[in-house]
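Have a look at the structure below, then the notes.
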Amino acid sequence: MSWSKEFIELDKAVHDRASFDCGEEELNQFIRTQAAKHMNAGISRTMVLPASNPLPNKKTPICAFYSIAPSSISRETLPESRAKKLPKYPVPVFLLAQLAVHQEFHGEGLGKICLIKALEYLWEINAHMRAYAIVVDCLTESAERFYAKYGFEVLCQHNGRTRMFISMKTVEQLFS
Ligand SMILES: CC(C)(COP(=O)(O)OP(=O)(O)OC[C@H]1O[C@@H](n2cnc3c(N)ncnc32)[C@H](O)[C@@H]1OP(=O)(O)O)[C@@H](O)C(=O)NCCC(=O)NCCS
C-alpha cells in the first residue's frame, strides 16, 4: 500500500474505515464509527490521506487522518505571562481532536506530514477566523513526546489527558 498526494475530506462511501489500524483502539473506533457522524452533526471535520489504490471492495484504505474542531480554553490554564495579555473571557482555539497514522506506515515520516498538513489547514482558517492557539489532548505519553518534538507545550490536564498547545504566533513562523 502506498499513500496518495492529497488529504481530502472523509467520505464513508469512498474510504474504507474498517481497515484503518493505528494501534490505538480509541482512534480506530473514532475513524470507523464516529468521524463521519461528527461531520454530519457539524461539530468537527476529518481529513484523510487515502491510499493510491482501492481495495477489492472498491473502497480506498486510509493511510492517515486528522480531525479538527473549533474550541475554547479557560484563560487561567495558560501560563501567567500569556494569560495577562488576554481579556478575561474564554480564549478561542482550534482543537486538533484526532491524528493518527496506519501502523503499516509508522516511522516513515507520515505522522510529521499529517501534523504539518493539519497545522497548515488551521493556519489558513486562521486567516478568516482567528484563534489563539492549537490544542491537542494526548492519548498517551508517546503522543505527548511526538507533539513536544514539534513545539507543543503542556497546558494542563483535561479529562484525564495531557492537553498541549502551540500558539498561532509560533504556527505563523512556519507558514508565513
Ligand atoms: C504518533 C504517530 C502519529 C506518529 O506517526 P509516525 O508516522 O510513526 O511518525 P513519523 O515517522 O512522522 O515521525 C516523525 C518524527 O517524530 C518522531 N516520533 C514518532 N512517533 C513518536 C513518539 N511516539 N514519540 C516520540 N517521537 C516520535 C520520529 O522519531 C520522527 O523523528 P525524526 O524526524 O527526528 O526521525 C503514530 O505513531 C500514531 O498514529 N500513533 C497512534 C495514534 C496516536 O497516538 N496519535 C496521537 C494523537 S493522541
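Here the working numbering runs 1261 ahead of the position in the sequence shown, where the first position is 1.
Note that CB positions come from ideal geometry on N, CA and C, so glycine has one too.
Please read these numbers as outputs of a predicted model, since none were measured by experiment.
#1: Taking the C-alpha atoms as reference points, what is the distance between V1309 and R1293?
#2: How about H1363 and A1325: are their beta carbons less than 8 Å apart?
#3: Are there any heavy atoms of ligand 1 lying less than 7 Å away from the beta-carbon of A1296, as far as the coordinates show?
#4: Suppose you measure from the CA of S1332 to the CA of W1384; what does that come to, to the nearest Å?
#5: Based on the DSSP output, what are the partners of A1394 in its beta bridges?
#6: Per DSSP, P1454 is paired with what?
#7: Please determine, among F1268, A1279, F1413, the residue with the shortest C-alpha to C-alpha distance to M1356.
#8: What are the boundary residues of the beta strand (DSSP E) that includes R1306?
#9: Roughly how many angstroms separate the alpha carbons of L1271 and A1297, rounded to a whole number?
#10: Which residue from A1388, K1410, R1406 puts its Cα closest to that of M1430?
#11: Indicate whether L1435 and L1380 have their beta-carbon atoms separated by less than 8 Å.
#12: Under the criterion of a Cβ to heavy atom distance below 7 Å, does F1326 qualify as lining ligand 1?
#13: How many Å lie between A1394 and C1283 at the Cα?
#14: Per DSSP, S1333 is paired with what?
#15: If I measure Cβ to Cβ from W1264 and keep anything under 8 Å in the same chain, skipping five residues before and after, which residues do I get?
#16: Excluding five sequence neighbours on each side, which residues of the same chain lie with their C-beta closer than 8 Å to the C-beta of A1279?
#17: Would L1288 be called buried (16 or more neighbouring beta carbons within 10 Å of its own) or exposed?
Taking the definition as stated:
#1: Within the sequence shown, residue 1309 is the residue found at index 48, counting from 1. Within the sequence shown, residue 1293 is the residue found at index 32, counting from 1. When the Cα atoms are used, V1309 and R1293 turn out to be separated by approximately 12 Å.
#2: Within the sequence shown, residue 1363 is the residue found at index 102, counting from 1. Within the sequence shown, residue 1325 is the residue found at index 64, counting from 1. Yes, they are a contact pair.
#3: Taking the sequence shown and counting its residues from 1, one reaches residue 1296 at position 35. A1296 Cβ: outside cutoff for every heavy atom of ligand 1.
#4: Sequence index remark: in the sequence shown, residue 1332 carries index 71 (1-based). Sequence index remark: in the sequence shown, residue 1384 carries index 123 (1-based). Per the coordinates, the alpha-carbon of S1332 lies some 15 Å from the alpha-carbon of W1384.
#5: By 1-based counting over the sequence shown, the position of residue 1394 is 133. In the DSSP output, where bridge partners are listed per residue, A1394 has V1354, S1428.
#6: Outside the shown range of the chain (1262 to 1437) lies residue 1454, about which nothing can therefore be said.
#7: Within the sequence shown, numbered from 1, the residue matching residue 1356 stands at position 95. It should be pointed out that residue 1356 corresponds to Leu in this sequence rather than to Met. Taking the Cα of L1356 as reference, the smallest distance to any Cα among F1268, A1279, F1413 is reached at F1413.
#8: In the sequence shown, counting from the first residue as 1, residue 1306 sits at position 45. Unbroken beta strand (DSSP E) run through R1306: 1306–1311.
#9: On the sequence shown, position 10 is the one that residue 1271 refers to. On the sequence shown, position 36 is the one that residue 1297 refers to. In a straight line, the C-alpha of L1271 is about 7 Å away from that of A1297.
#10: Position 169 of the sequence shown, counted from the first residue, corresponds to residue 1430. According to the sequence shown, residue 1430 is Lys rather than Met. K1430 has its Cα closest to that of A1388, out of A1388, K1410, R1406.
#11: Here residue 1435 refers to the residue found at position 174 of the sequence shown. Here residue 1380 refers to the residue found at position 119 of the sequence shown. Cβ distance < 8 Å, so L1435 and L1380 count as in contact.
#12: Position 65 of the sequence shown, counted from the first residue, corresponds to residue 1326. No, ligand 1 has no heavy atom inside 7 Å of this Cβ.
#13: Start at 1 with the first residue of the sequence shown, and residue 1394 comes out as number 133. Start at 1 with the first residue of the sequence shown, and residue 1283 comes out as number 22. A1394 and C1283: Cα-Cα distance of roughly 26 Å.
#14: By one-based count along the sequence shown, residue 1333 stands at place 72. S1333 is bridged to P1353.
#15: Counted from its first residue, the sequence shown places residue 1264 at position 3. Counting only Cβ-Cβ distances below 8 Å, and skipping sequence neighbours, we find L1310, P1311, A1312, S1313, C1324, A1325, F1366, L1371.
#16: One-based indexing of the sequence shown puts residue 1279 at position 18. The residues R1293, in chain order, have a CB closer than 8 Å to that of A1279 in the same chain once the five nearest residues on each side in sequence are set aside.
#17: As a position in the sequence shown, residue 1288 is number 27, starting the count at 1. L1288 is buried by the Cβ-count criterion.
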